[in-house]
Every structure is written in C-alpha cells, then in structure tokens.
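Engineer: In the numbering used here, the protein residues as written are 14 to 365. Ideal Cβ placement from N, Cα and C applies to all residues, glycine included. Predicted, not measured: the structure shown is a model, and the values here were computed from it.
1) Run through DSSP, which three-state label would residue 49 get?
2) Taking 8 Å as the threshold, find out whether the region 232-244 comes into contact with the region 186-193 through three or more Cβ pairs.
3) When you compare the CB positions of residue 263 and residue 297, do they come within less than 8 Å of one another, or not?
4) Do residue 125 and residue 160 count as a contact pair if the criterion is CB distance below 8 Å?
5) Quick one: what's got a C-beta closer than 8 Å to residue 219's C-beta in the same chain, skipping five residues either side?
6) Since residue 203 contacts residue 150 with CB under 8 Å, what's their CB separation in whole angstroms?
7) Name the one or two DSSP bridge partners that residue 280 has.
8) Which class does residue 74 belong to by DSSP, given the choice of helix, strand or coil?
9) Grouping DSSP H, G and I as helix and E and B as strand, with all else coil, what is residue 205?
10) Specify the secondary structure class of residue 179 as computed by DSSP and reduced to three states.
11) Which of the three DSSP states is assigned to residue 93 in this structure?
12) On a CA-only basis, which of 166, 55, 222 is nearest residue 198? Give me that one, please.
13) Who are the Cβ neighbours of residue 40 in its own chain at under 8 Å, not counting the five residues just before and after it?
14) For my contact list, residue 187 and residue 244 are in at a C-beta cut-off of 8 Å; report their separation, rounded to the angstrom.
15) DSSP beta-bridge partners for residue 188?
16) May I ask which residues mark the beginning and end of the alpha helix (DSSP H) holding residue 257?
17) Would you tell me roughly how many angstroms separate the C-alpha atoms of residue 231 and residue 152, rounded to the nearest one?
18) Whole angstroms is fine: what's the gap from residue 12's alpha carbon to residue 200's?
19) Return the Cβ separation of residue 75 and residue 64 in integer angstroms, given the expectation that the two are a contact with Cβ distance under 8 Å.
20) What does the Cβ neighbour count give for residue 98, buried or exposed, with the cut at 16 atoms within 10 Å?
21) Near residue 221, what residues of its chain come up, given a Cβ to Cβ distance below 7 Å and the 5 sequence neighbours on each side ignored?
22) From the DSSP secondary-structure annotation, give me the bridge partner or partners of residue 300.
23) Should residue 224 and residue 274 be called a contact, given that it needs their Cβ atoms to be closer than 8 Å?
24) Just checking my contact of residue 96 with residue 66 at CB under 8 Å: how many whole Å lie between their CB atoms?
25) Going by other Cβ atoms of all chains shown within 10 Å of its Cβ, with 16 needed for buried, is residue 372 buried or exposed?
26) Three-state secondary structure (DSSP) at residue 199?
Set out below in structure tokens:
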C-alpha cells in the first residue's frame, strides 16, 4: 500500500515537468517551416552546424540536430515578430514574419562569416521575403530597413512578374520580359532608411522612399537580357496630402551611375490608403520615389518703395511742321535776295 502512495506522489511531481515540455513543443500544424542552404565563410556548412531562430531573446525554433550536407529545416513557433537566425551562435539573418506566414514553407538561405563579430547575411530563395540585414549589393547594412527577394524563371518573350508582399515595401511588382531564356533569376528589393550609400548625391524633389532593386548577378539586368521592365509601386495618400503632392507630381527616379534621372512614370489606380504607379526602366540600381523636379523660379527685379522712375516721353513734331519750315526758309531766301538786289541798284544809281 505504501509503495502505491509513493508511486502516485512521484507521478504528481513529474506532471508539471511533462506539461512544461509539451508547452515547448512547436505547434507543427501552424508553424512556419524555414529551409535552405547554410554557408560559413563562403563554404558549405559542415554537418552538425546548429541553427536557431529567436524573437529578441526568446527562442522560437532550433535545429540542434545540426545541418545535413549544408542544408537546414527549421520549424518556428507561430509569431508575427521579427526573427533573427543564428548559425553556431552567430547572427546571420533577420526575417519579418507576417500573419499569413503561418503553416507556410519559406526558403531562406543563411550565411555567416566567422571573421567578423556579428556575421554576414544573405536571404532569398524561391518565394521568400524578409527584413533587415546587409545584403551582397554593397549597401551600408545600417541603411537597410528590410530586404525582400524572390526567385523566378525568366524565359524568352515571356512576361515574368515578381510580386512583393511585405507591408513596408513600396515596390509591389517588378515585371520583365526576357530577351533570352535565362533560367532561375533572383530579384531583390532593399528598402532603405535614407539615400542609398551607393550614390553620390541625394535625389531631387521631395523624397517619399529610397530603394535598391537588383536582378540577377552583376551585369545581367541589361537590354541584352531583359526588355520592357516595369516597376509597380505605391505611395501613401497621407504623405501626398501632408506634402501637398498631386498624383501628377510623382515620379520614379533612378541613379544612372553619375546622376539621378527621372523615368517615364504613370498613375495606375488609387484606393483609400495608397495611390499606385508604374515606372519604366531598362536596368536596375538605386531608385527613389520622388516628386518631379521643380522648374526654377524666374528672378524678378523690384524697384525700392518710394523710388519712382521718371517717364520720358519722346517729342513728336506736330503734323505739317515740315511744310511750314520749308516755306519759312523760302521766304527768308527771297528777302535776302531782294535786299541784295535793292542795295545793288541803289549803289549803281549813286555812281551815275
């Protein structure tokens, strides 16, 4: 009997431990599954490399079993917080989860450098998106608000539409038609906190948002590979109203390597929150959503108060004045001639 009581007490003591363990088991049904490749110092991560996902200091998912052949598969507790991924304890990548990311598989490649204190990062993969972190573009990591990228096939004479869904990303679509069949190509949008660190001057006009858009590797996004590249973006109506900006004032500007140029831009539609536009480009680089460059205001010379410039009215000879003057001259000549004749005659008579 005593043994029976001891067994019951032991079971009661173990119950909280079992309950606590069950609470830490991920909700697999609603969990977000992250998977992808893992590289360390540019090399495939060795087997046994550990991956963790944390929201702040709270652990949301871990793969303590380690990677296999440089790949990982990680279930993350349902959350809408920004996750930070760690490779062997080093920060590698951040990702902003959306409520729609529940029960979804996301391809996110991770990389880290052991030569730096916090590690490097590069996100992406088929149908992936994320925020924060420094990308491989050369942009200053501290200037990047979020990164969203996707992989799609680009084929000859076929429209490929990259759709971007992050709520803080003003770029909604990047649509291109291939000149040649190029296969799987990554297109990435870096939403910036300020002017890109890759340019030499700030954009002209009022700036709504700065972004970097990259397609493929360096040198790919040129007219020899793509054509009819269109960028669909949106602008907050509240921002336009507070800055007294009309739809006709909005333009997509691009850095061409030396200066900012304003691209052909048109308005597509408008709802209660945003106005949607489309800009046309033939290459990808730093961009800015701005207002059109204002024409210079002409300089007006003003006369100081109290100073009145005299008005000079030119003298116009009265009508007919020239004829009177002519007759006056004739009369004077006749008088001179008459006087000369008179004196000549008088003098001659005196001599006789």
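Structural biologist: On the basis of the data shown:
1) strand
2) yes
3) no
4) no
5) 256, 258, 303, 304
6) 6 Å
7) 290
8) strand
9) strand
10) coil
11) coil
12) 166
13) Residue confidence is low: residue 40 scores 49 on pLDDT, short of 50, so the model does not pin down where it sits. Its coordinate-derived value is still stated next. Cβ neighbours of residue 40 beyond the five flanking positions: 90, 91.
14) 6 Å
15) 174, 243
16) Counting along the chain, residue 257 falls outside any alpha helix (DSSP H), and DSSP gives it neither H nor E.
17) 14 Å
18) The requested residue 12 does not occur in the structure, where the chain is confined to residues 14 to 365.
19) 7 Å
20) buried
21) 248, 252, 302, 303
22) 224, 267
23) no
24) 5 Å
25) Since the first residue shown for the chain is 14 and the last is 365, residue 372 is missing from the structure and cannot be characterised.
26) strand
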